[in-house]
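Every number in this note's numbering is 2 more than the matching position in the sequence shown, counting from 1.
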Amino acid sequence: MAVRSTANHGIEIGRRALHAQQAGLNATGHNIANANTPGFSRRAVVLENTITRSQNGLGTGADVASIQRLRSSFDDAQMRVQQQVLGRWQALEKGMASIEGVFNEPVGAGAGEAGTVFNESSGLGLSGSLSRFWNAWQDLANMPESGAARAAVRQEADFLVNTMHQYDDKLSDIKNQLDQSIIDHIEEVNGILDQLADINDQIPEANFGGIEAADLKDRRDLLIDQLSNRIDVSLVEHDNGQLSVLVSGRHLLEGDNALHLEVRQSSEEGISHIQVMLPNGGGIAPIGGGQLLGFTELAYDTIPDFVDRIDQMASAIVDGVNSLHRSGYGLDGTTGVDFFDSEKLKASNIAISDAVLSNLQSIAASADGNSGDNALALSIGSLRNNSLMREGTQTIEGFHNEMLGEVGAKSREAQTMAENNRLFADQIENRRQGIQGVSLNDEASQLVLYQRAYQAAARAVSIIDDLMEVAINI
Numbered sequence: 003m004a005v006r007s008t009a010n011h012g013i014e015i016g017r018r019a020l021h022a023q024q025a026g027l028n029a030t031g032h033n034i035a036n037a038n039t040p041g042f043s044r045r046a047v048v049l050e051n052t053i054t055r056s057q058n059g060l061g062t063g064a065d066v067a068s069i070q071r072l073r074s075s076f077d078d079a080q081m082r083v084q085q086q087v088l089g090r091w092q093a094l095e096k097g098m099a100s101i102e103g104v105f106n107e108p109v110g111a112g113a114g115e116a117g118t119v120f121n122e123s124s125g126l127g128l129s130g131s132l133s134r135f136w137n138a139w140q141d142l143a144n145m146p147e148s149g150a151a152r153a154a155v156r157q158e159a160d161f162l163v164n165t166m167h168q169y170d171d172k173l174s175d176i177k178n179q180l181d182q183s184i185i186d187h188i189e190e191v192n193g194i195l196d197q198l199a200d201i202n203d204q205i206p207e208a209n210f211g212g213i214e215a216a217d218l219k220d221r222r223d224l225l226i227d228q229l230s231n232r233i234d235v236s237l238v239e240h241d242n243g244q245l246s247v248l249v250s251g252r253h254l255l256e257g258d259n260a261l262h263l264e265v266r267q268s269s270e271e272g273i274s275h276i277q278v279m280l281p282n283g284g285g286i287a288p289i290g291g292g293q294l295l296g297f298t299e300l301a302y303d304t305i306p307d308f309v310d311r312i313d314q315m316a317s318a319i320v321d322g323v324n325s326l327h328r329s330g331y332g333l334d335g336t337t338g339v340d341f342f343d344s345e346k347l348k349a350s351n352i353a354i355s356d357a358v359l360s361n362l363q364s365i366a367a368s369a370d371g372n373s374g375d376n377a378l379a380l381s382i383g384s385l386r387n388n389s390l391m392r393e394g395t396q397t398i399e400g401f402h403n404e405m406l407g408e409v410g411a412k413s414r415e416a417q418t419m420a421e422n423n424r425l426f427a428d429q430i431e432n433r434r435q436g437i438q439g440v441s442l443n444d445e446a447s448q449l450v451l452y453q454r455a456y457q458a459a460a461r462a463v464s465i466i467d468d469l470m471e472v473a474i475n476i
């Protein structure tokens, strides 16, 4: 009986050894299978020797204490904060590149460059249109009785008007694209919240020490990284493993119940306006990070500011030219005529007056009514050097160059900050991968160790079985 008891004890130790090494093999195989799975956290089997009360001092083998999901909560928290910052700069980088493109893309051609592709950097954008417009007045001053010179003035004015229209149209197009991006990202946020709610529903039923719950948490952490890139959120994890998601202190996810952010759309003077609203009448959602913040800043701060500046230029041109032109005389002796429509003072609607469009000879060059006088044309041509902007402290050209400089500076800042924050995010991710990432070389080594231990345990069981058979047959 003593022999059988000892043999049974040995077989039990062997059984436990086989079970423990099999668990290690399974976990290692799971790691290898998910080596390229985004968001996967490496599993590690923790073994412990079993406690025995035997007086002979013999142990009873090893058991699986737990299957650990290797993850750094500190690095996860840092990554989510970093994703909120990175998301904002990614949106600003993309948006500012589009805005900068407005001032670099072809928008029209002057009388001397009809059909030519040109841009601000080549001096043929809005600055080029302005320069040719003022030059046309100088040419008229040289030939104050010329109908052809007047035709050139009107043609260059038409190109200037169309250029300003197109700049306004392009900025409006970008604004509309940003509005759509806000709507799309809200839909993505709501979709992620729904997926997190589904995971919350499953986690309490899963074995917290098993692979199933760990896989759910991997999927959840990946979704949270994606969510943080889109909007600033705070998280609360509960004892049952479920996660709550809050925006500005307002729960968007509690248990398996996900609440959706809402989009309120309105229009004023033909300009669309988007507001992100908290659910159930909770008011405007104060977005504080992520791509949604970047898109909102671009659509409702940056673009309106640049549109307003171009509007100021249009208004200054209209008022400056009209105030002089009304005092002058055309070839037909008419006076008091506005060159531009005095009621259209924005880049979106600036227009040549009907009087000038219908009668070329109404364009004034003379200040005293004499057909050979060129004083009025000289005065209008000299407006390029007059301080018509910022309450008489800046020329139109200086104002425009300042705006171009700011566009370039904002674009470079967005590019630099986006790149820097991508590097920061990469550094955090590298630290995370150092803990949770799968090294195929390491896993191969572990596989060999578990395999050899398993083979040894199986051999031990086989030997004990042979010994029992010998003992029984004695």
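The C-beta atom is built at its ideal place from N, Cα and C for all residues, glycine as well.
*Fully enclosed by the stretch 326-401, which alpha helix (DSSP H) runs are 4 residues long or longer?*
Counting whole runs of 4 or more residues, the stretch 326-401 contains the alpha helix (DSSP H) stretches 356-360 and 377-383.
*Exposed or buried, residue 370, counting other C-beta atoms within 10 Å across all chains shown (16 or more means buried)?*
Per the 10 Å Cβ criterion, exposed.
_On a Cα-Cα basis, can you pick out the residue from 16, 176, 184 and 208 that is closest to residue 278?_
That would be 184, whose Cα lies nearest to the Cα of residue 278.
*Under 6 Å Cβ to Cβ from residue 449, same chain only, skipping five residues before and after it: list those, please.*
Taken in chain order, the residues that qualify are 30.
_Once the 5 residues before and after residue 460 are set aside, which same chain residues still bring their CB inside 8 Å of it?_
Sequence-distant Cβ neighbours of residue 460 in its own chain, meaning closer than 8 Å and more than five residues away, are 16 and 20.
_One question on the structure: do residue 72 and residue 46 come within less than 7 Å of each other, judged by their Cβ atoms?_
Note that the C-beta distance between residue 72 and residue 46 is below 7 Å.
_Distance check for residue 99 and residue 411, CA to CA, integer angstroms please._
Taking the Cα positions, residue 411 is about 11 Å away from residue 99.
*Please report the Cβ distance between residue 43 and residue 220, rounded to the nearest whole angstrom; I am assuming they are in contact, meaning their Cβ atoms lie under 8 Å.*
Indeed, because the Cβ distance is near 5 Å, the residues count as touching under 8 Å.
_Need the endpoints of the alpha helix (DSSP H) that residue 264 sits in, please._
Segment 264-270 is the beta strand (DSSP E) holding residue 264; no alpha helix (DSSP H) there.
*Counting only runs that start and end within the stretch 182-245, where is the beta strand (DSSP E) found for 3 or more residues in a row?*
The qualifying runs are 236-239.
*Cα separation between residue 342 and residue 230?*
Going by the C-alpha atoms only, they are around 51 Å apart.
*Is residue 340 near the ligand NAD, with its Cβ less than 6 Å from a heavy atom?*
The model depicted lacks the ligand NAD and carries no ligand whatsoever.
*Just the C-alpha distance for residue 136 and residue 348, rounded to the nearest angstrom, thanks.*
When rounded, the separation of the alpha-carbon atoms in residue 136 and residue 348 is 19 Å.
*Look up residue 252 in the DSSP assignment and give the residues it is bridged to.*
Bridge partners of residue 252 according to DSSP: 249.
*For residue 65, which residues does DSSP report across the bridge?*
For residue 65, which the question treats as bridged, DSSP gives the partners 50.
*If we ignore side chains and look at the alpha-carbon of each, how far apart do residue 223 and residue 268 end up?*
Their Cα atoms are separated by approximately 36 Å.
*To the nearest whole angstrom, what separates the beta carbons of residue 146 and residue 375, a pair I think is in contact under 8 Å?*
The Cβ separation is near 6 Å, so the contact holds.
_I'd like to know if the stretch 252-260 and the stretch 139-153 are in contact, where contact means that at least 3 CB-CB pairs between them fall below 8 Å._
No, the stretch 252-260 is not in contact with the stretch 139-153.
*Using CA coordinates, which residue listed in 38, 356, 32 and 18 is at the minimum distance from residue 51?*
The shortest CA-to-CA distance from residue 51 to any of 38, 356, 32 and 18 is the one to 18.
_Comparing C-alpha positions only, which one of 163, 294 and 237 sits nearest to residue 354?_
163 is the residue among 163, 294 and 237 whose C-alpha sits nearest the C-alpha of residue 354.
*Give me the Cβ distance between residue 394 and residue 366, rounded to the nearest whole Å; I'm assuming they're in contact under 8 Å.*
Rounded to whole angstroms, the Cβ separation of residue 394 and residue 366 is 24 Å, and the two are not in contact under 8 Å.
_Close beta carbons around residue 466, own chain, < 7 Å, minus the five adjacent residues each side_ = Sequence-distant Cβ neighbours of residue 466 in its own chain, meaning closer than 7 Å and more than five residues away, are 9, 12, 13 and 16.
*Report the rounded CA-to-CA distance for residue 330 versus residue 364, giving the unit in angstroms.*
Distance from the CA of residue 330 to the CA of residue 364, rounded to the nearest whole angstrom, comes to 10 Å.
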